[in-house]
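**Q** Here our numbering is used: the first residue of the sequence shown is 11, the next is one more, and so on.
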Amino acid sequence: MKITICFDSQPPEPWVQAVQQAFADAEVYAWTPGAAQADHAIVWAPPQQFIDEQTGLQTLFNLGAGVDALLQLKLPPSLKVVRLDDAGMSVQMAEFVCHAVIRHFRELDGYDADTQAGKWTYRKPRSRTDFAVGVLGLGVLGERVAKALQVFDFSVNGYSRSPKDLPGIRCFSGAQALPDFLAATRVLVNLMPLTPETENILNKDTLSQLQKGGYVINVARGKHLVDEDLLALIDSGHLAGAALDVFRTEPLPADHVFWKHPKITVTPHTSARTLRQESIAQIMGKIQALQRGESINGVVDHQRGY
Ligand code: NAP
Ligand code: GLV
Numbered sequence: 011m012k013i014t015i016c017f018d019s020q021p022p023e024p025w026v027q028a029v030q031q032a033f034a035d036a037e038v039y040a041w042t043p044g045a046a047q048a049d050h051a052i053v054w055a056p057p058q059q060f061i062d063e064q065t066g067l068q069t070l071f072n073l074g075a076g077v078d079a080l081l082q083l084k085l086p087p088s089l090k091v092v093r094l095d096d097a098g099m100s101v102q103m104a105e106f107v108c109h110a111v112i113r114h115f116r117e118l119d120g121y122d123a124d125t126q127a128g129k130w131t132y133r134k135p136r137s138r139t140d141f142a143v144g145v146l147g148l149g150v151l152g153e154r155v156a157k158a159l160q161v162f163d164f165s166v167n168g169y170s171r172s173p174k175d176l177p178g179i180r181c182f183s184g185a186q187a188l189p190d191f192l193a194a195t196r197v198l199v200n201l202m203p204l205t206p207e208t209e210n211i212l213n214k215d216t217l218s219q220l221q222k223g224g225y226v227i228n229v230a231r232g233k234h235l236v237d238e239d240l241l242a243l244i245d246s247g248h249l250a251g252a253a254l255d256v257f258r259t260e261p262l263p264a265d266h267v268f269w270k271h272p273k274i275t276v277t278p279h280t281s282a283r284t285l286r287q288e289s290i291a292q293i294m295g296k297i298q299a300l301q302r303g304e305s306i307n308g309v310v311d312h313q314r315g316y
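Below is the structure:
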């Protein structure tokens, strides 16, 4: 069996070594133009040339949950694309989002500023019932995040394409239900995949339907959010601020207004990192399952876009 590895920027060597250790009998190599045909590939945002040359692939494993970069390429429709299916990401996402929600709800940035200034001041406790959290996307990550938020007694709404029934979570589905979901939500967490349907979904129209004092946590993709619309709604006072982990251009350009905005917290696309050992173990399990003729989770629907 031949396995090739191709990344857009980071060096593949540590992955080549780790995959080789996991698959002792396989031939594992970093892809370069003209490399031998592989049976399986492990990739993150490969160039079109990689797809055009590797015509014998049985499976293309994407080293992330989001496949938007991959689906921008011209792929053979029959190519089996497999996304990472949690692999240690959902617990990271749950801790990151709970932290962001709690930091906002408990006004911890304000306390930080006060204590930095040597001030011992109290803020009036806010009512949890005024801070319903809405999770856009109830997939592998969104469901875990929604359940984690319930532990802190937040009232949680969830939104997905297909109907869900999750205990204690008010579930909304389909475009016609989006206005009701937004109207019931004060803190919005975006965990949808980036597809033609969801691009720019966080815009003036949708964000203005959030409850007054709304707060936006975007941990999915930068292209979901219309930056200017977020800024305008913060300026108008309708939104209280945002925690942004993903951006239209990454790294976020040095002169972007988000960096220094007093009501926006920026992190460098780090809410749920790809973990090497967990990811390789998952890919190994899937290759073995495919060899036994079994079906696997995480196969991407090219048409749906996730
Ligand atoms: P997933 O399992 O595919 O879940 C996607 C969810 O979004 C599903 O509930 C799906 O509905 C829903 N959805 C998709 N299109 C929709 C639409 N048009 N309207 C309403 N709901 C829609 O994906 P995941 O593993 O949870 O990951 C979500 C995204 O997180 C990834 O695509 C990636 O962009 C992002 N991510 C970011 C980081 C980071 O570090 N910032 C890390 C990992 C992932 P159904 O359930 O009905 O299909
Ligand atoms: C990271 O953004 C991922 O999609 O896994």
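Think of the CB as a built atom: it goes at the ideal place given N, C-alpha and C, for glycine as much as any other residue.
#1: What are the uninterrupted segments assigned as alpha helix (DSSP H) that are 4 or more residues long and contained completely in the stretch 104–133, given in chain order?
#2: Is there contact here, the stretch 120–134 with the stretch 175–185, by at least three beta-carbon pairs under 8 Å?
#3: Grouping DSSP H, G and I as helix and E and B as strand, with all else coil, what is Leu-176?
#4: Just the residues with CB closer than 5 Å to a heavy atom of the ligand GLV, in chain order, which are they?
#5: Count Cβ pairs between the stretch 77–84 and the stretch 36–56 that sit closer than 8 Å; are there 3 or more?
#6: Between the Cα of Leu-159 and the Cα atoms of Asn-72, Tyr-132 and Ser-100, which residue gives the shortest distance?
#7: So for Ser-19, helix, strand or coil by DSSP?
#8: Could you check whether the stretch 281–292 touches the stretch 309–316, counting it as contact only if at least three pairs of C-beta atoms, one from each stretch, sit closer than 8 Å?
#9: Looking at the ligand NAP, does it come within less than 8 Å of Arg-231, judged from the CB to the closest heavy atom?
#10: Here's the rule: buried if 16 or more other CB atoms are within 10 angstroms of the residue's CB, otherwise exposed. What is Lys-130?
#11: Quick one: Cα of Glu-105 to Cα of Val-161, how far?
#12: What I want to know is whether the C-beta of Met-294 ends up closer than 8 Å to one or more non-hydrogen atoms of the ligand NAP.
#13: When we look at the beta-carbon of Met-11 and count the other beta-carbons within 10 Å, is it buried (16 or more) or exposed?
#14: What do you reckon, is the C-beta of His-114 under 8 Å from a heavy atom of the ligand NAP?
#15: Which residues in the same chain have their Cβ closer than 7 Å to the Cβ of Phe-191, if we skip the five residues on either side of it in sequence?
#16: Skipping 5 residues on each side, what residues in its chain have a beta carbon closer than 6 Å to that of Ala-156?
#17: Across which residues does DSSP place Lys-90 in a beta bridge pair?
#18: Measuring only the C-alpha atoms, how far is His-248 from Ile-112?
#19: Short of 8 Å in beta carbon distance, which residues of its chain neighbour Thr-195, apart from the five on each side in sequence? Order them along the chain.
#20: Tell me whether His-266 sits in a helix, a strand or coil according to DSSP, three-state version.
#21: Quick one: give me the first and last residue of the beta strand (DSSP E) that Ile-227 is part of.
#22: Rounded to whole angstroms, how far is the Cβ of Gln-102 from the Cβ of Arg-283, which I believe are closer than 8 Å?
#23: Counting pairs of beta carbons, one from the stretch 18–32 and one from the stretch 59–70, are three or more of them closer than 8 Å?
#24: Could you give the DSSP three-state label for Phe-33: helix, strand or coil?
#25: Roughly how many whole angstroms lie between the Cα atoms of Ala-250 and Lys-84?
#26: Write down the C-beta distance between Leu-285 and Gly-98 rounded to the nearest angstrom, noting that I regard them as a contact closer than 8 Å.
#27: If you measure between the beta carbons of Ile-227 and Ala-110, is that distance less than 9 Å?
**A** On the basis of the supplied data:
#1: 118–126
#2: no
#3: Within the sequence shown, residue 176 is the residue found at index 166, counting from 1. Leu-176 falls in the coil class under three-state DSSP.
#4: Gly-74, Ala-75 and Gly-76
#5: yes
#6: In the sequence shown, counting from the first residue as 1, residue 159 sits at position 149. Answer by Cα proximity: Ser-100.
#7: Here the question's residue 19 lines up with position 9 in the sequence shown. Three-state DSSP puts Ser-19 in coil, outside helix and strand.
#8: no
#9: The sequence position of residue 231 within the sequence shown is 221, counting from 1. The answer is yes for Arg-231.
#10: Indexing the sequence shown from 1 puts residue 130 at position 120. Checking the sequence, you will find Trp at residue 130 rather than Lys. With fewer than 16 Cβ atoms within 10 Å of its Cβ, Trp-130 is classed as exposed.
#11: Your numbering for residue 105 matches position 95 in the sequence shown. Your numbering for residue 161 matches position 151 in the sequence shown. Answer to the nearest angstrom: the Cα atoms are 12 Å apart.
#12: Indexing the sequence shown from 1 puts residue 294 at position 284. No, since every heavy atom of the ligand NAP falls outside the 8 Å radius drawn around the Cβ of Met-294.
#13: The sequence position of residue 11 within the sequence shown is 1, counting from 1. By the neighbour-count rule (16 or more Cβ atoms within 10 Å), Met-11 is not buried but exposed.
#14: As a working mapping, residue 114 is identified with position 104 in the sequence shown. Not so, every heavy atom of the ligand NAP lies at least 8 Å from the Cβ.
#15: What you label residue 191 is simply residue 181 of the sequence shown in a count that begins at 1. Result list for Phe-191: Gly-144, Asn-167, Tyr-169 and Phe-182, in chain order.
#16: Counted from its first residue, the sequence shown places residue 156 at position 146. Excluding sequence neighbours, Ala-156 sits near Val-145, Val-166, Gly-168 and Ile-179.
#17: Numbered from 1 along the sequence shown, position 80 holds the residue referred to as residue 90. Its beta-bridge partners are Thr-69.
#18: For this step, residue 248 is matched to residue 238 along the sequence shown. For this step, residue 112 is matched to residue 102 along the sequence shown. Approximately 20 Å, taken between the alpha carbons.
#19: Start at 1 with the first residue of the sequence shown, and residue 195 comes out as number 185. Same-chain partners within the cutoff: Ala-142, Val-143, Gly-144, Asn-167, Leu-220, Gln-221 and Gly-224.
#20: For this step, residue 266 is matched to residue 256 along the sequence shown. Looking at His-266 - three-state DSSP - the assignment turns out to be coil, as it is neither helix nor strand.
#21: Locating residue 227 in the sequence shown gives position 217, where the first residue counts as 1. Taken as a continuous stretch (DSSP letters only), the beta strand (DSSP E) holding Ile-227 covers 224–228.
#22: Numbered from its first residue, the sequence shown carries residue 102 at position 92. Numbered from its first residue, the sequence shown carries residue 283 at position 273. That pair is a contact at about 6 Å.
#23: no
#24: The residue you call residue 33 lines up with position 23 of the sequence shown. Reduced to three states, the DSSP call for Phe-33 is coil.
#25: The count along the sequence shown starts at 1 and reaches residue 250 at position 240. The count along the sequence shown starts at 1 and reaches residue 84 at position 74. Using only the alpha carbons, I get a separation of about 41 Å.
#26: Counting from one through the sequence shown, the residue named residue 285 turns up at place 275. Counting from one through the sequence shown, the residue named residue 98 turns up at place 88. So it is a contact: roughly 4 Å between Cβ atoms.
#27: If you number the sequence shown from 1, residue 227 lands on position 217. If you number the sequence shown from 1, residue 110 lands on position 100. Less than 9 Å separates the beta-carbon of Ile-227 from that of Ala-110.
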